[in-house]
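Residue numbers (this note's numbering), protein chains in the order written: chain S, 384 to 485; chain Y, 6 to 163.
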């Protein structure tokens, strides 16, 4: 079980960092939201695996459920903002949007 | 040893689907890969004995958020959602429906639903969580295949 926990914890942490890095370098707002979702997946997996080695997993489960709900809400709001930005500027490229704002 | 192999397989599947989602040039392909990622994550939670969390992840991310992303992709016109192979998709949907129906029958057969039981809520919960992970995996793969086929079918024909 300890090896499982380590594998899942490493996977979750790696996914979290991959997602954050992809959000930073993405040139499309939609792809940024997808990368954010990957980061949320990584956080959920890391939280879940942190509770695997113990008898009761109530605490880690509660945190994962909270993380799922908060992540989904943030993503829904982000997608709504993306639609508004697209209607206003006609593009989803952050550099182009910054140029048009000036 | 077997559980380590399962953990490695799940990690590999997660990395592969995330790589497909982030490296794909078409947004529609990224969306499908992300859909698979949420399903794999839900299966990982279910395999490690937390069916509630797996179900919640699948319902929230593979269900609601995928549909939201699909709507935004369609509204912004970032991708035409054209995967090609429409004839293949036409054949795949009835096949997926048939396999899904048979699997559902197999999963739900012989189970007592809580109607008429002394404590119905407990029975329903017991019934839900008694679903075996691999049956759920087959069902999810079938549903994911059906989703790809539907996107392919509804995509614009050039």
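Virtual Cβ for every residue (Gly too), placed ideally from N, Cα, C.
Interface flag, residue i vs chain S, CB-CB below 7 Å
i              : result
residue 9(Y)   : yes
residue 52(Y)  : no
residue 33(Y)  : no
residue 27(Y)  : yes
residue 12(Y)  : yes
residue 123(Y) : Note that residue 123(Y) scores 49 on pLDDT, short of 50, meaning its location in the model is unreliable; the coordinates nonetheless yield the value given after this. No, residue 123(Y) does not count as interfacial toward chain S.
residue 30(Y)  : no
residue 77(Y)  : yes
residue 23(Y)  : yes
residue 80(Y)  : yes
residue 19(Y)  : yes
Cβ of residue i within 7 Å of any chain Y Cβ
i              : result
residue 479(S) : no
residue 422(S) : no
residue 396(S) : no
residue 330(S) : An answer regarding residue 330(S) cannot be provided, because it is not within the stretch 384 to 485 covered by chain S.
residue 375(S) : Given a span of 384 to 485 for chain S in the structure shown, any question on residue 375(S) remains unanswerable.
residue 407(S) : no
residue 466(S) : yes
residue 462(S) : yes
residue 386(S) : yes
residue 404(S) : no
residue 413(S) : yes
residue 391(S) : yes
residue 400(S) : no
Problem - Complete runs of the alpha helix (DSSP H) confined to the stretch 7–67 of chain Y [at least 4 residues] - result: Taking only runs of at least 4 residues, the alpha helix (DSSP H) segments lying wholly in the stretch 7–67 of chain Y are 7–28, 32–52 and 56–62.
Handout entry: Against chain S: residues of the stretch 58–73 of chain Y by CB proximity under 8 Å
Key = Residues of the stretch 58–73 of chain Y whose Cβ lies closer than 8 Å to any Cβ of chain S, in chain order: 58, 61, 62, 65, 66, 69, 70 and 73.
Practice task
Examine the Cβ distances between the stretch 29–47 of chain Y and the stretch 55–70 of chain Y and report whether three or more of them are shorter than 8 Å.
Solution key: Touching, yes.
Exercise for the section: Give a yes or no on contact between the stretch 420–437 of chain S and the stretch 385–396 of chain S, applying the rule of three or more CB pairs nearer than 8 Å. Expected result: Inter-segment contact for the stretch 420–437 of chain S and the stretch 385–396 of chain S is present: three or more beta-carbon pairs are separated by less than 8 Å.
Practice task
Identify each residue in the stretch 427–454 of chain S for which the Cβ-Cβ distance to at least one residue of chain Y is less than 9 Å, and report them in chain order.
Solution key: Going along the stretch 427–454 of chain S in chain order, one finds 427, 428, 431, 432, 435, 440, 444, 447, 448, 451, 452 and 454 with a Cβ nearer than 9 Å to chain Y.
Practice task
Inspect the CB distances between the stretch 19–38 of chain Y and the stretch 454–467 of chain S and report whether three or more fall short of 8 Å.
Solution key: They do not touch, by the three-pair rule.
Practice task
Could you tell me which uninterrupted alpha helix (DSSP H) segments, each at least 4 residues in length, are contained entirely in the stretch 418–484 of chain S, listed from first to last along the chain?
Solution key: You should have 441–472 and 477–484.
Handout entry: Residues within the stretch 39–51 of chain Y neighbouring chain S, beta-carbon criterion of under 8 Å
Key = With the criterion set as a beta carbon lying under 8 Å from some beta carbon of chain S, the members of the stretch 39–51 of chain Y are 39, 42, 43, 46, 49 and 50, in sequence order.
Practice task
Count the C-beta pairs between the stretch 438–449 of chain S and the stretch 70–83 of chain Y that are closer than 8 Å, then say yes if the count reaches three, no if not.
Solution key: Because the criterion of three Cβ pairs below 8 Å is not met, the stretch 438–449 of chain S and the stretch 70–83 of chain Y do not touch.
Practice task
May I ask you to verify whether the stretch 411–419 of chain S touches the stretch 31–41 of chain Y, counting CB pairs closer than 8 Å and requiring at least 3?
Solution key: Yes: the two stretches touch, three or more of their Cβ pairs being nearer than 8 Å.
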